[in-house]
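The sequence shown begins at 1 in full-length UniProt numbering and counts up one residue at a time.
C-beta atoms are modelled at their ideal positions from N, C-alpha and C, and glycine is treated no differently.
One structure is given here, and the rest of the page talks about it.
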Amino acid sequence: MAINLNEIGQSVNAQFQGLSGLHPGLWPIAPRVASAVAVLIAVVALGWFVQWDGQMQAIETGQAEEVKLRAEYKSKLQQAINLDALKEQRKLVQQYVATMEKQLPSQAEMAALLADINLAGTGRGLQFDSFKPGSPAVKDYYAELPIAIKIQGSYHDLGQFVGDIAKLPRIVTLNNLGITTSKDGGLTLDVTAKTFRYLNKDEVQDQADKKKKEPKK
Numbered sequence: 001m002a003i004n005l006n007e008i009g010q011s012v013n014a015q016f017q018g019l020s021g022l023h024p025g026l027w028p029i030a031p032r033v034a035s036a037v038a039v040l041i042a043v044v045a046l047g048w049f050v051q052w053d054g055q056m057q058a059i060e061t062g063q064a065e066e067v068k069l070r071a072e073y074k075s076k077l078q079q080a081i082n083l084d085a086l087k088e089q090r091k092l093v094q095q096y097v098a099t100m101e102k103q104l105p106s107q108a109e110m111a112a113l114l115a116d117i118n119l120a121g122t123g124r125g126l127q128f129d130s131f132k133p134g135s136p137a138v139k140d141y142y143a144e145l146p147i148a149i150k151i152q153g154s155y156h157d158l159g160q161f162v163g164d165i166a167k168l169p170r171i172v173t174l175n176n177l178g179i180t181t182s183k184d185g186g187l188t189l190d191v192t193a194k195t196f197r198y199l200n201k202d203e204v205q206d207q208a209d210k211k212k213k214e215p216k217k
């Protein structure tokens, strides 16, 4: 028996006619099936959309958290790299400070240093006209002691004296050099030698206390 699709289509189409005003329970079978299928599709679509939307929000939240964690990781990595560099710099500074401190005499060693400066002159056959230590200028961590020196001798011997001062194990600088000719044809060197000593803990604390008492500018 041949199936007439045209008749079936007309029959189904006729079932959708005149439904206005009728209760859905009184609809023919075709409209009721179509309505049920439409409701089912709508429910499935709504559920899929709600679930998909939630998943999208979760993905976006996860991506934002990933970006944040990556930034924190890079920041901490950079801090770790910088920390190693800072530790190395601190180590070098400490070594430099330790080396400099060895070149600065203590208060007890100042007399020996002054004797070394005097010996540098007499050892070259020079004649001291004056050798006058001045008042020390106390800084935060060290004290600067100026010494006014007036010494006579030949050009060669004076040059050797200056070289000997530079070779001393302690730091001594020569400032305000002036050379004049003596009556006997020799030379007279006027110079201010400056040497330095480090302060002991009590002196450093005294300097810190004085600074605290100073009026703020």
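Going by the beta-carbon positions, is the gap between residue i and residue j smaller than 8 Å?
i             : j              : result
residue 220   : threonine 188  : Residue 220 lies beyond the residue range present for the chain, which begins at 1 and ends at 217; the question has no answer from this structure.
alanine 193   : isoleucine 147 : yes
glutamine 107 : arginine 197   : yes
valine 138    : glutamine 207  : yes
What are the start and end residues of the beta strand (DSSP E) that includes residue i?
i              : result
asparagine 176 : 172-181
lysine 139     : Where lysine 139 is concerned, there is no enclosing beta strand (DSSP E), given that its DSSP letter is neither H nor E.
aspartate 190  : 187-198
How is the alpha helix (DSSP H) around residue i delimited, first residue to last?
i             : result
residue 302   : Missing from the structure shown is residue 302; the chain here goes from 1 to 217 and no further.
glutamine 127 : That residue, glutamine 127, is in no alpha helix (DSSP H); its beta strand (DSSP E) goes 127-133.
leucine 114   : 110-122
glutamine 107 : Taken as a continuous stretch (DSSP letters only), glutamine 107 belongs to no alpha helix (DSSP H), as it is neither H nor E.
glutamate 203 : 201-213
Quick check on residue i: buried or exposed, where buried means 16 or more other Cβ atoms within 10 Å of its Cβ?
i             : result
leucine 199   : buried
aspartate 209 : exposed
arginine 70   : exposed
alanine 38    : exposed
leucine 158   : buried
leucine 113   : buried
For residue i, which residues of its own chain have a beta-carbon under 8 Å away from its beta-carbon, when the five flanking residues on both sides are left out?
i              : result
aspartate 116  : Leu168 and Arg170
valine 204     : Asp140 and Tyr141
glycine 186    : Gln152, Gly153 and Ser154
leucine 119    : none
isoleucine 165 : Ile117, Ala120, Val172, Leu174 and Ala193
Skipping 5 residues on each side, what residues in its chain have a beta carbon closer than 6 Å to that of residue i?
i             : result
glutamine 136 : Checking the sequence shown, residue 136 turns out to be proline, not glutamine. These residues qualify, in order along the chain: Ala143 and Leu145.
lysine 213    : none
leucine 92    : none
Please return the same chain residues whose Cβ sits closer than 7 Å to the Cβ of residue i, not counting the five positions on each side in sequence.
i           : result
residue 221 : Limits of the chain in this structure are 1 at one end and 217 at the other, which puts residue 221 out of reach.
valine 162  : Leu174
query: Any contact of the stretch 128-136 with the stretch 169-180, i.e. 3+ C-beta pairs under 8 Å?
result: no
message: Under 8 Å, with one C-beta from each stretch per pair, do the stretch 147-161 and the stretch 116-128 reach the 3-pair mark?
response: yes
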